[in-house]
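Report on the following structure.
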Amino acid sequence: MQDGFYQLHKDKEALEVFMEEARENTVHFNSVAERMEYMKEHDYYYNVLDEYSLEEVEGVYNIAYGENFEFQSYMAASKFYKDYALKTNDQKQYLESYEDRVAIVSLYLGRGDVAKAKHFASMIVKQNYQPATPTFLNAGRSRRGEMVSCFLLEMDDSLNSIGFNINTAMQLSKIGGGVALNLSKLRARGEQIKGIDNAASGVVPVMKLLEDSFSYANQLG
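Just so you know, we're using the UniProt record's numbering here: the sequence shown kicks off at 1 and counts up by one.
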């Protein structure tokens with residue numbers, strides 16, 4: 001900010017530099033057919049051609065690229081390439097542009113229905129619809145987490161339930177889900193256990209266990 005005004009031209013300059021670097025670090029293919037063959041052979045994508053003909057797949061890619069999509073800010077571009085674009089196993093090169101991700105997500109969600117896949121591609125690339133983060137990240141990948149956003153778990157006031165829910169929460173976090181837990185059934189600190197006063201530890205120790213668990217088990221971790 002300078003003299004109370006944001007220097008928007010600086011963001012555009014940063015965006016141009018970032019996109020140039022991203023393009024240089026992207027694996028390029030000569031055709032959709034070459035891309036599909038490579039991505040399936042190296043276990044990056046599910047076998048799209050089991051559900052669609054090559055011509056249908058090309059049609060979806062044409063829609064994704066037909067809008068001439070451009071990122072409008074450095075933050076948007078860096079967010080996509082950092083968190084969503086599929087990378088090579090050594091994490092050194094990108095395998096997807098935004099349009100490529102839109103196309104494979106649309107094909108996966110279409111489940112063999114090319115009309116649906118084209119509709120998804122058109123809606124997403126025009127920014128009229130955005131799939132939830134786990135869906136946009138994982139759809140179409142052969143090695144992926146789940147494509148759901150949130151889970152709600154109910155914890156009862158017992159060690160068995162506490163242990164079960166902590167383990168379940170870790171597994172759900174690992175596959176990419178956001179996890180919420182209802183802890184309202186746990187006894188408050190100082191309440192009785194088996195007639196003994198001030199025996200219950202309360203909710204906070206359980207919350208600390210959950211905090212450590214979520215820190216350890218993240219998506220695909």
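Ideal Cβ placement from N, Cα and C applies to all residues, glycine included. Since the structure is predicted, the reported quantities are computational estimates derived from the model, not experimental observations.
Report task. Assess, as a yes-or-no matter, whether the stretch 72-89 is touched by the stretch 50-60 under the definition of 3 or more beta carbon pairs within less than 8 angstroms. Result -> no
Query raised in the report: In or out: Glu96 buried (at least 16 other Cβ within 10 Å) or exposed?
Result: buried
Report task. Could you tell me the boundaries of the beta strand (DSSP E) in which Phe151 lies? Result -> 150-154
Report task. Indicate whether the contact test is met: 3 or more Cβ pairs, each with one atom in the stretch 13-29 and one in the stretch 45-53, closer than 8 angstroms. Result -> no
Query - Collapsed DSSP secondary structure at Lys92 in the structure displayed - result: coil
Query raised in the report: Quick one: what does DSSP say Ala139 is sitting in, helix, strand or coil?
Result: coil
Query - Among His42, Leu186, Asn68, the one whose alpha carbon lies nearest that of Ser161 - result: Leu186
Query raised in the report: Using the rule of at least 16 other Cβ atoms within 10 Å of the residue's Cβ for burial, across every protein chain shown, is Ser149 buried or exposed?
Result: exposed
Report task. Find out if the Cβ-Cβ distance for the pair Phe71, Ala77 is shorter than 7 angstroms. Result -> yes
**Report entry** Per-residue burial, Asp100 [other beta carbons within 10 Å of its own, 16 or more giving buried]
**Finding:** buried
Requested in this report: Indicate the three-state DSSP secondary structure (helix, strand or coil) for Asn68 in the structure shown.
Outcome: coil
Query raised in the report: If you drop the 5 nearest sequence neighbours on each side, which residues of the same chain put their C-beta closer than 6 angstroms to that of Tyr108?
Result: Ala139, Gly140
Requested in this report: Determine the contact status of Ala14 and Tyr74, defining contact as a CB-CB distance below 7 angstroms.
Outcome: yes
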